[in-house]
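Worksheet: the structure to be examined is printed underneath.
Residue numbers (full-length UniProt numbering): 1 to 964.
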């Protein structure tokens, strides 16, 4: 009987156990898979249901308010029960006390006991099937825009990247050394990696020996900190950190100041030591360390409690680590961590000793094909030297120590990036939300909401600020950090091909050095002097090229590492003025055209009609060259008139006509060409998915803020705060005024007006590009000297004036003229700048720093104080550390306040826009005054950013400037 019933019931596992009238009160019983119409139930339905006082659910006498949670008894059988109720399901079938006809119909069968096991099997199978089906119907839980399983996988990878990068590098060197010993053959490695491998073992052994010396010998200045990390990891950190500093040295001289290198190496050692200590605390205590109670000494009650508490805490941390509850783990460990920060003095002492050990163990020799017949030229890879540097504008000089690398190492630096451990990489999962000064962003790496650069007063002010006051800032940083990016592989492929072929195109630096001029065969001092100047200029050019090549290598190294990721994120923090920046320093959207070209949004959105139009406008903006100053319709027409060039660029970027290379932003232009080509070739262009960020840039944003502050209608019209048929160009306006002044001067007699000659020389050189940088930085406090240098660089690029003396004098004249034209056009901005400067002067004269609170509630304290000198004796040299004193720099406080105040306002506007865009469902990225979103959302973002600008300046900001 039961088997026939099982066959019939097997087709009814999707149905409910109780009738509809009971589903509200028997919600849990659905797991049984039975229903009122079930053939299984109908077999046992009496001719007339017996109520027995169980209202609302007559079937089998079940009362309406009974819920049957699915569970197994101690024998593993499924059962339904309710405490205190005579009605139970305990594994055989229904066991009624005082039951009637429904029970009799079942019990009368002789096979009920033997069939109960088969019923349990059936019920269990149906429950499993029901659970699978119900799980598939449930909405998928999403974390960070992805499924839970995928998020957890990426989070584990992220934790490994942050905590094990140095350790993995150390293991790699150990494995390579082991292979060399076994095979008695040097591995075929890239040049720089072979250097690292050769230095690793002797450096590690020297550090281990130093650690032994430091144990218990606290007379050594660095002894207290030298055993905080294993020798192999200290060796890897030292090598990679020093090489990284040499790569990113903007001077490009192949050297780095000792104090800078020592501080950063010491700080990196401390950070890694804290992470390793943190991870050690989460490891389960080895059971072999536990002694039996009989063997160990009797412990006191207090000791027992402490041991139990420690064990509980250890288990709790271990469980949290398994569940990836990183924030809770950090809080627990932070509360238990009694160690104090090392401080700058300890950093330089540890760093100097490690640098000294590296210099003693790192050697280099030329490649085999360069050695010749003589003995191998083995020499130190790094040397310590003292240099005298003459201060600008002063007759005095300053002497400081540098670490210089051998020319062979310096040459290898340009190919080192792919083998470097790069900390603070873009994150694979969304960053942690900011909740405090040092709580947020990366999971384990030290993260601070503000870059204070050692300014103690600013740091303490932010720490004291109530969290509620900072919530708008935190929300904005979280919004920026949650924007998901990916690598545009097609653009990266083009960049790689250009770079492999020597660079030089698309604003990529030439990979070859400029050859040094030959020494003239003459005794003429004038000729020799000219030759020396040329040699100096060529060396400077080569140093700059070297620095730029290292920079490109670092950017490409990060892009290549991230190109196979579905997406990644950039945690953001602030500078002291409230401007937001990505924490990863190399490949980010604040960078050059190369960076912006290879980055795109991970999420794609259909273009739509509006997006297709904006994509065409965006391409024209990127091409620039005056096209970006046309009306929107004019820019659309430009793009449509160059469709053949656009298709050719997309299809054959390097083999075709290369039209995209003539754009001001070539890589971004190429990306736009590819996206637009895909859309226009599609049967439905508006449905094309676009990942491209489309920019909306402010028109000389600093002047926009000053015009809004002063309600300056003339200035507002010049910087597009007032609507017009086509965008106003403030740079062209200033250039026109400069040209008018020079034309007047050119007509003067050189005998009475020396500027006449300079004006005649420059009259054909004046355009918007010549004055653009000076106009942009004028509102940020650019000085006459700064303006002169900016214009001098532009003139030098054009090669219009060959003589250096003549070039310098002409630059001086052009700078004065440009600043005069600026003062005439933006009188209101100048008056506000003057008033803010006077306010700062009054405050600073009382030996107080200028303070204010931004519209978003961020407190700002200007960090400009006179610096005192603190001498530290290290194993390498006596270092001079600069420390803040109690005395403020009055002049610096005054000149810096106007630009800093405006920067805090544009930072507030950008963050207000970011939050509003997130609430509107837009993807958003911001670079100060340049806002990015998908092409289809540009109109919406334009509306939001204007609303937020008006909202910002509806408040009387100048009247409400608050000094803390």
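For glycine and all other residues, C-beta sits at the position ideal for the given N, C-alpha and C.
All values derive from a computational prediction rather than experimental measurement.
Task: N-terminal and C-terminal residue of the alpha helix (DSSP H) that residue 734 is part of - done: 730–746
TODO: For the alpha helix (DSSP H) holding residue 706, just list the boundary residues, first then last.
DONE: 701–709
- [ ] Specify the secondary structure class of residue 680 as computed by DSSP and reduced to three states.
- [x] helix
- [ ] Look up residue 824 in the DSSP assignment and say whether it is helix, strand or coil.
- [x] helix
Task: C-alpha distance - residue 720 paired with residue 619, whole-angstrom precision - done: 21 angstroms
Task: Neighbour-count burial assignment, residue 221, 16 or more Cβ in a 10 Å radius - done: buried
Open item on the list: So, at 8 angstroms on beta carbons, what are the nonlocal neighbours of residue 811 in its own chain, with the 5 sequence-adjacent residues on each side left out?
Closed with: 788, 789, 791, 792 and 795
TODO: Quick one: residues in its chain with C-beta nearer than 6 angstroms to the C-beta of residue 247, no 5 flanking neighbours on either side, listed in chain order?
DONE: 413 and 550
Task: Proximity below 7 angstroms, CB of residue 455 to CB of residue 694 - done: no
TODO: Classify residue 623 as helix, strand or coil using the three-state DSSP reduction.
DONE: helix
Task: Cross-strand partners of residue 400 (DSSP beta bridge) - done: 387
Task: Straight-line gap, residue 958 to residue 734 (C-alpha atoms, nearest Å) - done: 27 angstroms
- [ ] List the whole-angstrom C-beta distance separating residue 648 from residue 656, where the pair is believed to meet the contact cut-off of C-beta under 8 angstroms.
- [x] 4 angstroms
- [ ] Excluding the 5 residues preceding and the 5 following residue 922 in the sequence, name in chain order all residues of the same chain whose CB lies nearer than 7 angstroms to its CB.
- [x] 933, 937, 940 and 941
Task: 7 angstroms CB neighbourhood of residue 875 in its chain, flanking five on each side removed - done: 352, 353 and 356
- [ ] Measuring only between beta-carbons, confirm whether residue 739 sits less than 7 angstroms from chain D.
- [x] Absent from the structure: chain D. Only one protein chain is present.
TODO: Give the secondary structure of residue 213 by DSSP, where H, G and I count as helix, E and B as strand, and everything else as coil.
DONE: helix
Open item on the list: Just to confirm before moving on: does the CB-CB distance between residue 829 and residue 784 stay below 7 angstroms?
Closed with: no
TODO: Have a look at 612, 571, 622 and 602 and flag the residue whose alpha-carbon is nearest the alpha-carbon of residue 593.
DONE: 622
TODO: Taking residue 574 and residue 449 to be in contact with their CB atoms under 8 angstroms, please state how far apart those CB atoms are, rounded to whole angstroms.
DONE: 6 angstroms
Open item on the list: Restricting to Cα atoms, I'd like to know which of 249, 516 and 535 is closest to residue 969.
Closed with: Because the chain in this structure spans residues 1 to 964, residue 969 falls outside the shown range and cannot be described.
TODO: Could you tell me which residues DSSP pairs with residue 510 in its beta bridges?
DONE: 503
Task: Local conformation of residue 218 per DSSP, three classes - done: coil
Task: Simplified DSSP assignment, three categories, for residue 661 - done: helix
- [ ] Enumerate in chain order the residues of its own chain whose CB-to-CB distance from residue 203 is below 8 angstroms, with the five nearest sequence positions on each side excluded.
- [x] 235, 238, 239, 357, 358, 361 and 362
Task: Unbroken beta strand (DSSP E) run spanning residue 942, endpoints - done: Careful: residue 942 lies outside any beta strand (DSSP E), inside the alpha helix (DSSP H) at 938–954.
TODO: Determine the direct distance from the alpha carbon of residue 588 to that of residue 476, and round the result to whole angstroms.
DONE: 18 angstroms
Open item on the list: Run through the DSSP bridge pairs and tell me what residue 695 is partnered with.
Closed with: 932
Task: Residue range of the alpha helix (DSSP H) that includes residue 646 - done: 643–651
Open item on the list: Taking its Cβ as the centre, do 16 or more other Cβ atoms sit within 10 Å of residue 960, making it buried, or is it exposed?
Closed with: exposed
TODO: May I ask you to report which of helix, strand or coil DSSP gives residue 574?
DONE: strand
Task: beta strand (DSSP E) runs contained entirely in the stretch 540–597, provided each spans 3 or more residues - done: 572–575 and 580–582
Open item on the list: Three or more C-beta pairs under 8 angstroms: does that hold for the stretch 254–270 against the stretch 425–435?
Closed with: no
Task: Coil, strand or helix - residue 142 by DSSP - done: strand
- [ ] Drop a sphere of 10 angstroms on the beta-carbon of residue 600, count the other beta-carbons inside from all chains shown, and report buried for 16 or more, exposed for fewer.
- [x] buried
Open item on the list: So, with DSSP's three-state summary, where would you put residue 363?
Closed with: strand
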